[in-house]
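Top to bottom, those sequences are chains A and B.
FYI, the numbering for the first sequence is 1000 to 1531, going by the working numbering.
FYI, the numbering for the second sequence is -10 to 254, going by the working numbering.
Accompanying notes for the structure given below.
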Amino acid sequence: MTRLGIRAQLLLVLTVFLALPWLGVEYARELERLLRDAQDRTLSGTAQAVAIALHDRPRLFDAPVRLVAPKGGAPQDLVDAAAARPVLSAGAAAAAPELEQILQGLTRTTARIRVVDRDLGVLAHAGSLRRAADDAQPSRSLLDPVYALFLPRPNEDFVDDEGSGSVPARREILAALDGIPATDRRKTPDARAVVVAAAHPIWVGDRVRGVVLVEETTNAVLAERNRAFERLFNIVVAILVVGSAALTLYATWLSSRIRRLARDAEAAIDRDGRVRGPLPGSGARDEIGDLARSYSGVLARLAGYATYQEQLAARLSHELRTPLAVVRSSLDNLSASPLPQESRTYIDRAQDGLDRLAAILARMSEAARLEEALGDADRVSFDLAEVVAGCVEGYRGAYPQRPFAYSPPAEPLPVRGAPEIVAQMLDKLVENAVDFATGGAVGISLAREGDRARLAVTNEGPPLPEGAGERLFEPMMSVRPQDGRTPHLGLGLAIVRIVATRHGGEATAANRADGRGVVVTVRLPLASGAEL
Amino acid sequence: MSRRIAIVEDEPAIRENYADALRRQGYEVATHATRDAALASFRTRLPDLAVVDLGLGDDPDAGFTLCRELRALSPTVPILILSARDSDVDIVSGLRVGADDYLTKDASLPHLAARIAALFRRADLSSSPASAEDVVVRGPLALDVKRMTARWRDRPVDLTLTEFWMVHALARHPGHVKDRDALMREANTVVDDGTITSHVKRIRRKFQAVDPAFDCIATVYGMGYRWVLGRLGSLGSELVTGNSPGTRQRTSPRGRAGAWANSSL
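As structure tokens, then:
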């Protein structure tokens, strides 16, 4: 499983909003359809209006008026943009001033309007398919090139298919000639534009005498659609950009709070699972604040339990003292009375057992007593090298059966703390090493290691079981085999760790590099610039 | 007339055991289980010495109150607190309310008897004049070994029995390092490493209360303590010529069978 941070997750959620452009496309499509319908209706309305004006004017169609196409050439484009005036064939112009007048009023439309007789000849002609150039919009946004990729641009540069003299017999014209108004759309021959055509019959009496043909390209609709889509899309992009920036910031803030909480929680418990202190208070009135508070509560309960556990041994040893005193005073009284030699032996054994029991009890409350002493002790700056050197001399006397190899540091090592308690810690280290030494010398080395003093005590003996390095420092833990003669509750190394920790240092245990022994290392911070 | 000792202790087995042992020593013993009974008896007739337990019945501090009340009745009667508790707080509080000595319950009966004998001796001699041969003088320090009292620059230093014996052990051979075992032996008690530190600390404070410049007890880390005359010198090992670097606790717990006690003064 790859790790996916909150920020990444939120951004992933944000991809849902990528559906917005698709929505825009749908919207634009719908808009286009509506605009086209409207265009169709407008064109057929225009055609109808013109036709109504021309109904029942047989005169217009009586004369054989025809637009005359130039012989043998391409149809002359009668509709040049500059002169969007209705242009009539010479005959018609003479014969149908009315037609001209009627069409004159329609030149303001954007459509091309033609009147066609039954022979498909163009009787009159107004307007142009091409729109004025001012509609071409200038490039407005950075995204225009992107839009151009998928939005067809209206193109005014198309080839008009219509000759000037007559119109092809297209579907809508034939339908209109049959008396049915019709609209149709077609592509220009070069396929660059689509033309919408609406045809409406002109009635003279009950006969269709001609057709009004209104045509327009869809370019206006396309431009309108494009404009609407681009506006929409610009807004969506802006929202997405602003939204993801805001969400990223929010997620960053959120995850930094969670990370801080995790860090605090991590720091609140030390390596041995002991609660160092409460979490820094969180006043946040949200779920993360609740989490911090509930974690804080859990820690407090955990600390309470740990305290209970720590005190358990001390309390137990305390409670056992009274019955122990009963046994001891009874034995003392018994020894004082006249007894057969046989009974003396048993009394001696009972005394012996009692002493061991008392020793165990003393050890059980040792940690609690040490904590008390630590709280009580005056903190002074002292030379660790001097204390260790003195202690080693003492050990040589105390353990005459075991040689000691001491490697002193090259310089004084000023440490701040309680020297007598540090000496007590060294006692425990050496006691432990001597207990488990099977041969050779107990090695004690003290050296400077950066801004810390490194005190290592090694002994030759059975290596630690796999993973026992940490458990070794737990109270009542002894992971190495022992001879069973001396009480060994394993509080010694627990005390080492307590002292080391309270002096701002740490204690670790590991197997010797050669695997034939154990080295317990204590690192204590040096007092910075302290004078001894 | 035999001396009369009052034992105030709520645990019957311990009470009777102590009483039997003391009777064997020739003392007359009166036992009381509660503070009220003890106080009523004290009002009728003062004992020559009182052994008081701290926790009586449900009141864990009844012993302190009783000490104060007994001290109010008599400023001189020796009081020995005998308790299962061994925290510094209890020891200091007990001495403050007027007790002369403090022993934990895992002290052996011989230890207890030695204490009581010493307390009687001190009480007896406090009124009689000191003879020169009983006084050990080390510079400003004068120790009256009979009365078990100490003076520093001619001002009395109020030491308990344990403290007196420790000072005596140190000052008798100035410069010699006394380790924990040696001090325990001389002080007729057994204490653990942590507690001996507290004892020494208390002794230093008592001397410093009389003379703030007092620094005659030097710590030799890992070995013990020694009495230095004048200013504190270097703690070089050339001075470690003590009569007994001795054995430490770990060498043989059984070597001191019958002598285990965790704290006393």
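For each residue, glycine too, the CB sits at the ideal point set by N, CA and C.
The model shown is predicted, which means the values in this text are computed figures rather than measured ones.
Q: At 7 Å on the CB atoms, spell out the chain B contacts of residue 1422/A, in chain order.
A: Within chain B, the residues near residue 1422/A are 210, 211.
Q: Say whether chain B places a C-beta atom closer than 7 Å to the C-beta of residue 1418/A.
A: Closer than 7 Å to some Cβ of chain B, the Cβ of residue 1418/A qualifies, so yes.
(Q) Please list, in chain order, the residues of the segment -9 to 14 of chain B that have any C-beta partner in chain A closer than 7 Å. (A) Hits within the stretch, in order: 0, 2, 3, 6, 7, 9, 10, 13.
Q: Could you check what DSSP says for residue 1076/A in three-state terms: helix, strand or coil?
A: Low confidence applies to residue 1076/A: its pLDDT is 41, below 50, so where it sits in the model is not reliable enough to give any reading.
Q.
Using beta carbons (cut-off 7 Å, strictly below), is residue 1560/A in contact with chain B?
A. The structure shown does not extend to residue 1560/A, since chain A is modelled only from 1000 to 1531, so the question has no answer here.
**Q.** Proximity winner among 1456/A, 1372/A, 1434/A, 1223/A, relative to residue 1501/A (alpha-carbon distances)
**A.** Of the candidates 1456/A, 1372/A, 1434/A, 1223/A, the one whose C-alpha sits nearest the C-alpha of residue 1501/A is 1372/A.
Q: Tell me whether the beta-carbon of residue 185/B lies closer than 7 Å to the beta-carbon of residue 193/B.
A: Here residue 185/B is not near residue 193/B, since their CB atoms are 7 Å or more apart.
Q) Under the rule that 16 or more other beta-carbon atoms within 10 Å means buried, what is residue 1193/A, buried or exposed? A) A residue is called buried when at least 16 other Cβ atoms come within 10 angstroms of its Cβ; residue 1193/A meets this threshold and is buried.
Q: Return helix, strand or coil for residue 1067/A, following the three-state DSSP convention.
A: Reliability fails at residue 1067/A, whose pLDDT of 42 lies under 50, so the model's placement of it is uncertain and the value that follows must be treated cautiously. In the three-state scheme derived from DSSP, where H, G and I count as helix and E and B as strand, residue 1067/A is classed as coil.
Q: Please report how far the alpha carbon of residue 1378/A lies from the alpha carbon of residue 26/B, in whole angstroms.
A: One C-alpha to the other measures close to 46 Å.
Q. Which value, in whole angstroms, describes the spacing of the CA atoms of residue 1330/A and residue 1412/A?
A. Between residue 1330/A and residue 1412/A, the C-alpha separation is close to 50 Å.
Q. Apart from the five residues just before and just after residue 261/B, which ones in its own chain have a Cβ nearer than 7 Å to its Cβ?
A. An answer regarding residue 261/B cannot be provided, because it is not within the stretch -10 to 254 covered by chain B.
Q: Give a yes or no on whether the minimum CB-CB distance between residue 1458/A and chain B is below 7 Å.
A: False, the Cβ-Cβ gap to chain B never drops below 7 Å.
Q.
With distance defined between alpha-carbon atoms, name the residue in 102/B, 171/B, 202/B, 175/B nearest to residue 213/B.
A. Measuring from the Cα of residue 213/B, the nearest candidate turns out to be 171/B.
Q: Find the residues of chain A that neighbour residue 73/B, judging by a C-beta separation of less than 8 Å, and give them in chain order.
A: The contacting residues are 1317, 1320, 1321, 1324.
Q: In angstroms with no decimal places, state the Cα-to-Cα distance between residue 148/B and residue 29/B.
A: Each residue's Cα considered, the two are about 30 Å apart.
Q.
Which residues in chain B have a C-beta closer than 8 Å to the C-beta of residue 1440/A? List them in chain order.
A. Chain B residues near residue 1440/A: none, gap ~17 Å exceeds 8 Å.
Q) In whole angstroms, what is the alpha-carbon distance linking residue 1006/A and residue 1449/A? A) Separation of residue 1006/A and residue 1449/A (C-alpha to C-alpha, rounded to the nearest whole angstrom) is 40 Å.
Q: Answer yes or no: do residue 175/B and residue 154/B have a C-beta to C-beta separation smaller than 7 Å?
A: At a Cβ-Cβ threshold of 7 Å, residue 175/B and residue 154/B count as neighbours.
(Q) Check whether the segment 1345 to 1356 of chain A and the segment 28 to 42 of chain B touch, using three or more Cβ-Cβ pairs below 8 Å as the test. (A) Segments in contact, no.
Q: Return the CA-CA distance between residue 1382/A and residue 1455/A, expressed in angstroms with no decimal places.
A: Residue 1382/A and residue 1455/A have their alpha carbons spaced roughly 17 Å apart.
Q) Can you tell me whether DSSP reads residue 59/B as helix, strand or coil? A) Residue 59/B: helix per DSSP, three-state reduction.
(Q) Any beta carbon from chain A within less than 7 Å of residue 63/B's own beta carbon? (A) Residue 63/B does not count as touching chain A.
Q | is_contact[residue 1331/A, chain B] using C-beta, thresh 7 Å | A | Residue-level contact check: residue 1331/A touches chain B, since one or more beta carbons of chain B fall below 7 Å from its beta carbon.
Q. So, do the segment 1515 to 1527 of chain A and the segment 1392 to 1402 of chain A have three or more beta carbon pairs nearer to each other than 8 Å?
A. At 8 Å Cβ cutoff, the stretches do not touch.
Q: Mind listing the chain A neighbours of residue 82/B? Cutoff is C-beta to C-beta under 7 Å, in chain order.
A: Correct list: empty, because the minimum Cβ distance to chain A is about 14 Å.
Q | Contact set between residue 1343/A and chain B, taken where Cβ atoms lie within less than 8 Å | A | Under the 8 Å cutoff, chain B gives no residues; its nearest Cβ is about 13 Å from residue 1343/A.
Q) Mind listing which residues of the segment 1373 to 1396 of chain A have their C-beta closer than 9 Å to chain B's C-betas, in chain order? A) So the close ones are 1375, 1376, 1377, 1381, 1385, 1386, 1387, 1388, 1389, 1390, 1391, 1392, 1393, 1394, 1395, 1396.
Q) Looking at chain A, which residues of the segment 85 to 99 of chain B have a Cβ within less than 9 Å of any of its Cβ atoms? A) So the list reads 93, 94, 95, 96, 97, 98, 99, given in the order they occur along the chain.
Q. According to the Cβ coordinates, are residue 1384/A and residue 1418/A closer than 7 Å?
A. Result no, Cβ atoms of residue 1384/A and residue 1418/A do not sit closer than 7 Å.
Q) So is residue 1038/A buried or exposed if we call it buried at 16+ other beta carbons inside 10 Å? A) Result: buried.
Q. Would you say the segment 1251 to 1270 of chain A touches the segment 1221 to 1237 of chain A, given that touching needs at least three Cβ pairs under 8 Å?
A. Because the criterion of three Cβ pairs below 8 Å is not met, the segment 1251 to 1270 of chain A and the segment 1221 to 1237 of chain A do not touch.
Q.
Quick check: the Cα distance between residue 51/B and residue 88/B, rounded to an integer number of angstroms?
A. Here the alpha carbon of residue 51/B sits roughly 14 Å from the alpha carbon of residue 88/B.
Q: Can you give me the Cβ contacts of residue 1080/A inside the same chain, cut-off strictly under 7 Å, excluding the 5 residues immediately before and after it?
A: Confidence in residue 1080/A is poor, its pLDDT being 37 and thus under 50, which makes the residue's placement unreliable; the coordinate value appears in the next sentence. 1127, 1129, listed in sequence order.
Q. Excluding five sequence neighbours on each side, which residues of the same chain lie with their C-beta closer than 7 Å to the C-beta of residue 15/B?
A. Setting aside the 5 residues that flank it on each side, residue 15/B is surrounded in the same chain by -9, each with a C-beta closer than 7 Å to its C-beta; the list follows chain order.
Q: Less than 8 Å between the CB atoms is what I'm expecting for residue 8/B and residue 18/B, so what's the real figure, rounded?
A: Their Cβ separation, rounded to whole angstroms, is 4 Å, which keeps residue 8/B and residue 18/B in contact under 8 Å.
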